[in-house]
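Residue numbers (the numbering used here): 5 to 228.
Where a beta carbon is used, it is the ideal one built from N, C-alpha and C, also for glycine.
The structure under discussion appears below in the form of structure tokens.
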């Protein structure tokens, strides 16, 4: 496991440092050429620390003395040959592991996650507020955790309520304006109908008068 994790980190660091040729102090990533050196170093601080820890673990894991103690009889017969075998064994082991791990580098996103930890650490340093610590009273801690959430929800609900009330007020004004317009229209219609009724009565009176006049004074009476 240590070899797998270390090789994963080593391959990532090696790839990032091919352009500079310096793994220990000049690590860069694409798109970071315009950043100051101190920012580059800060971004890869945790990655370098992880690489250093894995290097120590790997050295202990593939230590030459440990390999020699495992194959002591063979070392006694031909130490040089066993050293060559040990070297070839380590090279082949690392090559095989790198071939497998190289396919998992992007899936694991180790570089991104370690850089994200660095960013979180830097953000925590810039934050002047004291870090939260449990008080020892579960009810108090629970309330302190939930109260900001509920307050935020209450604020949101009040904003939504005010928004809905404003919309209702606007709709009420529109409805009132519509009712007033409808009342005016009804009044105009009623007035027009009354006028037509008056005219109809007047027309009926004129017609009745003409009929009466015609019956009282026939036209042949006035013939000469």
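Closest by C-alpha distance to residue i, when choosing among the options
i: residue 117; options: 171, 54, 78, 195; result: 54
i: residue 136; options: 143, 130, 149, 127; result: 149
Short Cβ contact (8 Å threshold) for residue i with residue j
i: residue 125; j: residue 51; result: no
i: residue 139; j: residue 145; result: yes
i: residue 86; j: residue 97; result: no
Expected contact under 8 Å - CB spacing of residue i and residue j to nearest Å
i: residue 49; j: residue 122; result: 6 Å
Any C-beta of chain B under 8 Å from that of residue i
i: residue 94; result: The chain labelled as chain B is not found in the depicted structure, where only one protein chain is given.
Near the ligand GTP: residue i beta-carbon under 7 Å from a heavy atom
i: residue 191; result: Within the structure as shown, the ligand GTP is missing, as the structure has no ligands at all.
Only counting runs of 4 or more residues, tell me where the alpha helix (DSSP H) segments fall wholly within the stretch 84 to 138, in order along the chain.
109 to 112, 114 to 130
List, from N- to C-terminal side, the alpha helix (DSSP H) runs of 4 residues or more that fit wholly inside the stretch 157 to 211.
none
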